[in-house]
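Below: the structure, in structure tokens.
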Amino acid sequence: MARAREFDDTKVLDAATDLFWRQGYAATSVRDLGEAMGLVPASIYNAFGSKHALFALCLDRYLDRNMRERIERLEARQTPRVAIETFLNEIVARSLADPRGCLLVNSALEVAPHDAEVGAVIAARLDELEGFFHRCVLAGQRNGSIAAAPRARDLARLLLTTVMGLRVLARSKPEPALLRGAARQVLALLDPPVTEQTK
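With full-length UniProt numbering, the residue at position 119 of the sequence shown is 119, and numbering never jumps.
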């Protein structure tokens, strides 16, 4: 019979996530994790298998909480054009408020180039984000709130690139005017052209 865990999964995983987020994967040792999580290294290996497996779990939980939940909330409550604008504005606000940056972007830069498993997780989540933007753009083009050109797929990819760029830029130059201005210019590309009828 398996022995019940003597710790709170949520609490220890939150502690591990915070440490990976602040220090990066390579700079975080199992000893560091044990101190942050309140566990001895043997307990970490018994519960999670390895540092790599623990990191993958932390990254997946982070993405569920921060990206997937945001997408679901915005698609359920906002019109397509507003959903995109709200997503970008929230990204700017989070980038300015949290000096740790984005764990997804940090991991994409540090871990993914050398780790096929983590790289596959990140690629799949970026596909989800592009899919969200693509659905919003298509719906907005149908209802006239988003310009009919460029192609929806191209706009979705531009929005994905913008999110990643904002997150990276915020790490070295977290200036509100810079980040908000960049987001504003990209959003302007979504606006339908002004005609005599819409003036």
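Positions of the beta carbon are idealized from the N, C-alpha and C atoms, including for glycine.
_Close beta carbons around Asp-191, own chain, < 7 Å, minus the five adjacent residues each side_ = Position 191 of the sequence shown, counted from the first residue, corresponds to residue 191. For Asp-191, where only same-chain residues beyond five positions count, the Cβ hits under 7 Å are Ala-147.
*Could you give the distance in angstroms between the alpha-carbon of Val-186 and the alpha-carbon of Trp-21?*
Mapped onto the sequence shown, residue 186 falls at position 186. Mapped onto the sequence shown, residue 21 falls at position 21. If I take the Cα positions, the gap works out to 28 Å.
*How would you label Arg-184, buried or exposed, when you count the other beta carbons within 10 angstroms and need 16 or more for buried?*
On the sequence shown, residue 184 is found 184 positions in, with the first residue counted as 1. Under this definition Arg-184 is an exposed residue.
*Quick one: what's got a C-beta closer than 6 Å to Asp-14's C-beta in the same chain, skipping five residues either side?*
Residue 14 sits at position 14 when you count from the first residue of the sequence shown. Contacts found: none.
*In chain order, what residues of the same chain have a beta carbon less than 8 Å from the beta carbon of Leu-96, not counting five sequence neighbours either side?*
Translated into positions along the sequence shown, residue 96 becomes position 96. Cβ neighbours of Leu-96 beyond the five flanking positions: Ala-170, Pro-174, Pro-176 and Leu-179.
*Secondary structure at Ile-146, three-state DSSP: helix, strand or coil?*
Within the sequence shown, residue 146 is the residue found at index 146, counting from 1. Here Ile-146 sits in coil by DSSP.
*Can you tell me the Cβ-Cβ gap for Arg-68 and Glu-128, rounded? I've got them flagged as a contact below 8 Å.*
Taking the sequence shown and counting its residues from 1, one reaches residue 68 at position 68. Taking the sequence shown and counting its residues from 1, one reaches residue 128 at position 128. Correct: roughly 7 Å between the Cβ atoms.
*Tyr-25 and Glu-110 closer than 7 Å at C-beta*: Numbered from 1 along the sequence shown, position 25 holds the residue referred to as residue 25. Numbered from 1 along the sequence shown, position 110 holds the residue referred to as residue 110. Yes, the Cβ-Cβ distance between Tyr-25 and Glu-110 is below 7 Å.
*DSSP state of Arg-65, grouped into three classes?*
Walking along the sequence shown from the start, residue 65 turns up at place 65. It is helical.
*Return the Cβ separation of Leu-166 and Ile-91 in integer angstroms, given the expectation that the two are a contact with Cβ distance under 8 Å.*
Looking up residue 166 in the sequence shown gives position 166. Looking up residue 91 in the sequence shown gives position 91. Yes, Leu-166 and Ile-91 are in contact; Cβ-Cβ is about 6 Å, under 8 Å.
*Sufficient close CB pairs (3 or more, under 8 Å) joining the segment 110 to 126 to the segment 135 to 153*: no
_Closest residue to Arg-31 among Lys-51, Ala-76, Glu-85 and Arg-81 (Cα-Cα distance)_ = On the sequence shown, position 31 is the one that residue 31 refers to. Among Lys-51, Ala-76, Glu-85 and Arg-81, the Cα nearest to that of Arg-31 belongs to Lys-51.
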